[in-house]
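Colleague:
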Amino acid sequence: MANFVTVLVPAAAVFMWIRGRNPLVKGALDADRTQTVGPVLEEYGGQSRRAARKRCESRTKRVLSGSGSRDVADELRWLDVDPEDEKLKDKKLKGKKRKDQKGKDEKGKDEELEPVRPVAMYGFGRSDTAAELAALSAAYRKYAVRLRARGLLGGGFAPIIGQEAEIADATARRLQTTAMFALGRASSTEDPTLTIALPKRKTHLALSHIEQGSAPGNHINVLTVTHVHERVVLAGQFSEWLANTDDVRTIPVSLEQSDQELVAKNITGKTFDGVLPCFRGALVERDPASGWRRLHLELAETSYSAIVATQYPGSRGTGRAREELNHEANVLTLSCTPVTSDGFLAFGRRSKHVFNAGLLTPAINGNLEMRQRFGILYDADRDGVPDPLIALAREAKEELALEMSTDRFRILGLTHFDSADEVGTHSLLTTCRVEVTAAHLARRAALADPAEGLWELDDDLWFLPERPPGGSQSADEWVDSVLRWSLNSPDHTPHLTSSLIAHNSGALFERFGSPEGVQAHVVSLVGEEPSPPPEGLFRLTRGE
Numbered sequence: 002m003a004n005f006v007t008v009l010v011p012a013a014a015v016f017m018w019i020r021g022r023n024p025l026v027k028g029a030l031d032a033d034r035t036q037t038v039g040p041v042l043e044e045y046g047g048q049s050r051r052a053a054r055k056r057c058e059s060r061t062k063r064v065l066s067g068s069g070s071r072d073v074a075d076e077l078r079w080l081d082v083d084p085e086d087e088k089l090k091d092k093k094l095k096g097k098k099r100k101d102q103k104g105k106d107e108k109g110k111d112e113e114l115e116p117v118r119p120v121a122m123y124g125f126g127r128s129d130t131a132a133e134l135a136a137l138s139a140a141y142r143k144y145a146v147r148l149r150a151r152g153l154l155g156g157g158f159a160p161i162i163g164q165e166a167e168i169a170d171a172t173a174r175r176l177q178t179t180a181m182f183a184l185g186r187a188s189s190t191e192d193p194t195l196t197i198a199l200p201k202r203k204t205h206l207a208l209s210h211i212e213q214g215s216a217p218g219n220h221i222n223v224l225t226v227t228h229v230h231e232r233v234v235l236a237g238q239f240s241e242w243l244a245n246t247d248d249v250r251t252i253p254v255s256l257e258q259s260d261q262e263l264v265a266k267n268i269t270g271k272t273f274d275g276v277l278p279c280f281r282g283a284l285v286e287r288d289p290a291s292g293w294r295r296l297h298l299e300l301a302e303t304s305y306s307a308i309v310a311t312q313y314p315g316s317r318g319t320g321r322a323r324e325e326l327n328h329e330a331n332v333l334t335l336s337c338t339p340v341t342s343d344g345f346l347a348f349g350r351r352s353k354h355v356f357n358a359g360l361l362t363p364a365i366n367g368n369l370e371m372r373q374r375f376g377i378l379y380d381a382d383r384d385g386v387p388d389p390l391i392a393l394a395r396e397a398k399e400e401l402a403l404e405m406s407t408d409r410f411r412i413l414g415l416t417h418f419d420s421a422d423e424v425g426t427h428s429l430l431t432t433c434r435v436e437v438t439a440a441h442l443a444r445r446a447a448l449a450d451p452a453e454g455l456w457e458l459d460d461d462l463w464f465l466p467e468r469p470p471g472g473s474q475s476a477d478e479w480v481d482s483v484l485r486w487s488l489n490s491p492d493h494t495p496h497l498t499s500s501l502i503a504h505n506s507g508a509l510f511e512r513f514g515s516p517e518g519v520q521a522h523v524v525s526l527v528g529e530e531p532s533p534p535p536e537g538l539f540r541l542t543r544g545e
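The numbering of the sequence shown is the working numbering, which starts it at 2 and goes up by one.
#1: Evaluate residue 354 with the Cβ neighbour count: other Cβ atoms within 10 Å of its Cβ, from every protein chain shown; 16 or more gives buried, anything less gives exposed.
#2: Is residue 457 helix, strand or coil when you go by DSSP?
#3: Which same chain residues, not among the five before or five after residue 481, have their C-beta less than 7 angstroms away from its C-beta?
#4: DSSP puts residue 363 in a beta bridge; with which residues?
#5: Taking the alpha-carbon positions, what's the residue 140 to residue 131 distance?
#6: How far does the beta strand (DSSP E) with residue 282 in it extend, from its first residue to its last?
#7: With distances taken between CB atoms, is the gap from residue 226 to residue 335 smaller than 8 angstroms?
#8: State whether the segment 534-544 contacts the segment 459-467, with contact taken as three or more CB pairs (one from each stretch) at a distance under 8 angstroms.
#9: When you compare only the Cα positions, how much space is there between residue 443 and residue 545?
#10: Can you name the start and end residues of the beta strand (DSSP E) that residue 228 belongs to?
#11: Over the uninterrupted alpha helix (DSSP H) stretch that includes residue 64, give me the two end residues.
#12: Inspect the CB distances between the segment 400-414 and the segment 502-518 and report whether three or more fall short of 8 angstroms.
#13: Alpha carbon to alpha carbon, how far is residue 164 from residue 145?
#14: Are the CB atoms of residue 438 and residue 343 within a distance shorter than 8 angstroms?
#15: With 8 angstroms set as the bound, which would you pick, yes or no: does the beta-carbon of residue 311 sit closer than that to a beta-carbon of chain D?
#16: Is DSSP giving residue 110 helix, strand or coil here?
#17: Assign residue 102 to one of three DSSP states: helix, strand, or coil.
#18: Which value, in whole angstroms, describes the spacing of the CA atoms of residue 167 and residue 150?
#19: Suppose only complete runs of 4+ residues qualify. What are the alpha helix (DSSP H) ranges in the segment 413-478, listed by chain order?
#20: Find the nearest neighbour of residue 523 within the set 494, 541, 477, 491, judged by alpha-carbon distance.
#21: Starting from residue 301, follow the beta strand (DSSP E) in both directions and report where the run begins and ends.
#22: Does DSSP put residue 355 in a helix, a strand or coil?
#23: For residue 180, count neighbouring C-beta atoms within 10 Å of its own C-beta (all shown protein chains included) and say buried if the count is 16 or more, exposed if not.
#24: Label residue 364 either buried or exposed according to how many other C-beta atoms from any shown protein chain fall within 10 Å of its C-beta, with 16 as the threshold for buried.
#25: Using a Cβ-Cβ cut-off of 8 angstroms (strictly less than) and excluding sequence neighbours within five positions of residue 456, which residues of its own chain qualify?
#26: How many angstroms separate the CA atom of residue 294 from the CA atom of residue 222?
#27: Hey, is the segment 58-76 in contact with the segment 369-385, meaning 3+ C-beta pairs nearer than 8 angstroms?
#28: Going by other Cβ atoms of all chains shown within 10 Å of its Cβ, with 16 needed for buried, is residue 111 buried or exposed?
#29: Looking at residue 331: is its Cβ nearer than 8 angstroms to the Cβ of residue 425?
#30: Answer with buried or exposed for residue 248, where buried requires no fewer than 16 other C-beta atoms within 10 angstroms of its C-beta.
#31: Can you give me the start and stop residues for the alpha helix (DSSP H) that residue 40 sits inside?
#32: Going straight from the alpha carbon of residue 138 to that of residue 123, what length do you get?
#33: Compare the Cα-Cα distances from residue 495 to each of 160, 175, 428 and report the closest residue.
#34: Please classify residue 373 as buried or exposed, where buried requires at least 16 neighbouring CB atoms within 10 angstroms.
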């Protein structure tokens, strides 16, 4: 018998090694996660001990099977939704109708999965957010320590243990940072929204998280994103197939056959059906230790086809009027106005090849790529979390041949707008300091990427002084002339008008003292006719 066991045990070990399975590694991962993260899932997540253990074991299974991206982003996703549980729920829903745009199936029953409320932003929702995130951070630090204490298992014999320890440490750091900022979250009264109607342009703007003064402590110091792994897609179309391939929860939008054909016509041969950010919400937070203010975005995903179907009225979408659209895609776009070394804001005019052709806009515009596609990388940070500033740096290089680092960007705030051409669009408003003059920027723009950026703007670039030029007008009069020009111009994008308001919001709040006063003044500048351009505006031609 002893000889039999002596032979069987090594044989079994060799067999499992050949098949890529190591029970010691699995046992170590299961035990360490269950004994560190598990108690937090019980105490704050409201799970039973058995449920927490099962949850931890499912994570080990996912890690050892090679599923997911195996980074901090994937770890945070597991905290939100256990993919193994999701598969079971999907099996139960298999063959049943998904929601239509009214939110019900054909029998009037709501059979969709509940929307994800991300733990990394809101905690578990059972007690104080900061306390929950701090406890979770401490648990991940303990998890990392236990893994590293495994000796040879964390070395050459099982490097996956060491990799898991690194991910646990990075997850702990991210959660601890959010816990600190969560201590100083602003209320809606502390962070009001300016709403401005532009009847002649059939546009409505709503600006939020903008500066309420020029003194230190009023501006946004840093930006972060919490990523929700859900994607708005068109039911039965390529976008739904792609989401299923990516193992992402879907929020299907059902269309009539005629609508599907219109959407297909509008995206075929003209653009792509990529994956872009779906705006879910935003918070302003202040770290009490440093005093820094942070804009925290909650972003899910949407396919471009869903944007076309739910946000574009008339012939650009499914032929519906603005009032009929429910903008489920809620896309977030990105805008940046470069500030040259000689003190000018740079704008560009949209080329005839793109949407909003002929309109003046911030010189850098684009999208946060939420999924890698051929020729374009996923715009993510080192933790695997989407980063709008990385996307803007890429867009700056593509459109103006500018090499930018993310620390050069200044966050102005957010705008949400409805216009004649699109409904329910959000945009992140920024500026960036560049180390070139206006003339150099215009010459450099000729080197823009021919595949991704050269065709987006025409050859005219416009420059406006960043500060009052000191002519015949006072500083306040000049700022008013800038705002009056943009508010009443039919050839300005909502992004540009919003950016100019946000850029001057600090000075406006110092003049008028309150959100109501600022809003009333800006609205008073809206007129019936276009206004002349402000003093100091000039044009340069690309490449000259």
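Just so it is clear, CB atoms sit at the ideal spot from N, CA and C, and this is done for glycine as well.
Everything numeric in this text was worked out from a predicted model, so none of it was measured.
Modeller: Considering the structure as presented:
#1: Counting from 1 along the sequence shown, the entry for residue 354 is found at position 353. By the neighbour-count rule (16 or more Cβ atoms within 10 Å), residue 354 is not buried but exposed.
#2: Numbered from its first residue, the sequence shown carries residue 457 at position 456. In this structure, residue 457 counts as coil in the three-state DSSP scheme.
#3: The residue given as residue 481 occupies position 480 in the sequence shown. The residues are 526.
#4: Within the sequence shown, numbered from 1, the residue matching residue 363 stands at position 362. Paired residues: 348.
#5: Within the sequence shown, residue 140 is the residue found at index 139, counting from 1. Within the sequence shown, residue 131 is the residue found at index 130, counting from 1. Each residue's Cα considered, the two are about 14 angstroms apart.
#6: Residue numbering aside, residue 282 sits at position 281 when the sequence shown is read from its first letter. Unbroken beta strand (DSSP E) run through residue 282: 276-287.
#7: Here residue 226 refers to the residue found at position 225 when the sequence shown is read from its first residue. Here residue 335 refers to the residue found at position 334 when the sequence shown is read from its first residue. Cβ distance not < 8 angstroms, so residue 226 and residue 335 don't count as in contact.
#8: yes
#9: As a first step, residue 443 is located in the sequence shown; it is residue number 442 there, counting from the start. As a first step, residue 545 is located in the sequence shown; it is residue number 544 there, counting from the start. About 7 angstroms.
#10: Translated into positions along the sequence shown, residue 228 becomes position 227. That run of the beta strand (DSSP E) goes 223-235.
#11: The residue given as residue 64 occupies position 63 in the sequence shown. Counting along the chain, the alpha helix (DSSP H) containing residue 64 begins and ends at 50-66.
#12: yes
#13: Mapped onto the sequence shown, residue 164 falls at position 163. Mapped onto the sequence shown, residue 145 falls at position 144. So the alpha carbons of these two residues sit roughly 10 angstroms apart.
#14: In the sequence shown, counting from the first residue as 1, residue 343 sits at position 342. In the sequence shown, counting from the first residue as 1, residue 438 sits at position 437. Yes.
#15: Among the chains of the structure shown, chain D does not appear; only one protein chain is present.
#16: Position 109 of the sequence shown, counted from the first residue, corresponds to residue 110. Unreliable placement is indicated for residue 110, whose pLDDT of 43 sits below 50; the coordinate value is still reported in the next sentence. Coil.
#17: What you label residue 102 is simply residue 101 of the sequence shown in a count that begins at 1. Caution applies to residue 102, whose pLDDT of 39 falls short of 50 and renders its modelled position unreliable; the model cannot decide the point.
#18: Here the question's residue 167 lines up with position 166 in the sequence shown. Here the question's residue 150 lines up with position 149 in the sequence shown. Each residue's alpha carbon lies about 13 angstroms from the other.
#19: 439-445
#20: For the purposes of this step, residue 523 is taken as the residue at position 522 of the sequence shown. When each option's Cα is compared against that of residue 523, the closest is 477.
#21: Counting from one through the sequence shown, the residue named residue 301 turns up at place 300. Per DSSP, residue 301 belongs to the beta strand (DSSP E) from 294-304.
#22: Taking the sequence shown and counting its residues from 1, the one referred to as residue 355 is at position 354. Here residue 355 sits in coil by DSSP.
#23: Counting from one through the sequence shown, the residue named residue 180 turns up at place 179. Label assigned to residue 180: buried.
#24: To locate residue 364, count along the sequence shown from 1; it is residue 363. The residue is buried, with at least 16 neighbouring Cβ atoms inside 10 Å.
#25: For the purposes of this step, residue 456 is taken as the residue at position 455 of the sequence shown. The residues are 352, 354, 355.
#26: As a working note, residue 294 is residue 293 in the sequence shown. As a working note, residue 222 is residue 221 in the sequence shown. Cα to Cα, the separation comes out at about 5 angstroms.
#27: yes
#28: Position 110 of the sequence shown, counting from 1, holds the residue named residue 111. Model confidence at residue 111 stands at a pLDDT of 44, short of 50, so the residue's coordinates are unreliable and nothing is read from them.
#29: Against the sequence shown, residue 331 aligns to sequence position 330. Against the sequence shown, residue 425 aligns to sequence position 424. Contact: yes.
#30: For the purposes of this step, residue 248 is identified with residue 247 of the sequence shown, where counting begins at 1. Exposed, by the Cβ-count rule.
#31: Along the sequence shown, one-based indexing puts residue 40 at 39. Run containing residue 40: 24-44, per the alpha helix (DSSP H) assignment.
#32: Working through the sequence shown from its first residue, we reach residue 138 at position 137. Working through the sequence shown from its first residue, we reach residue 123 at position 122. Each residue's Cα considered, the two are about 14 angstroms apart.
#33: The residue given as residue 495 occupies position 494 in the sequence shown. For residue 495, the nearest C-alpha among the options comes from 428.
#34: The count along the sequence shown starts at 1 and reaches residue 373 at position 372. Exposed, because fewer than 16 other Cβ atoms sit within 10 Å of the Cβ of residue 373.
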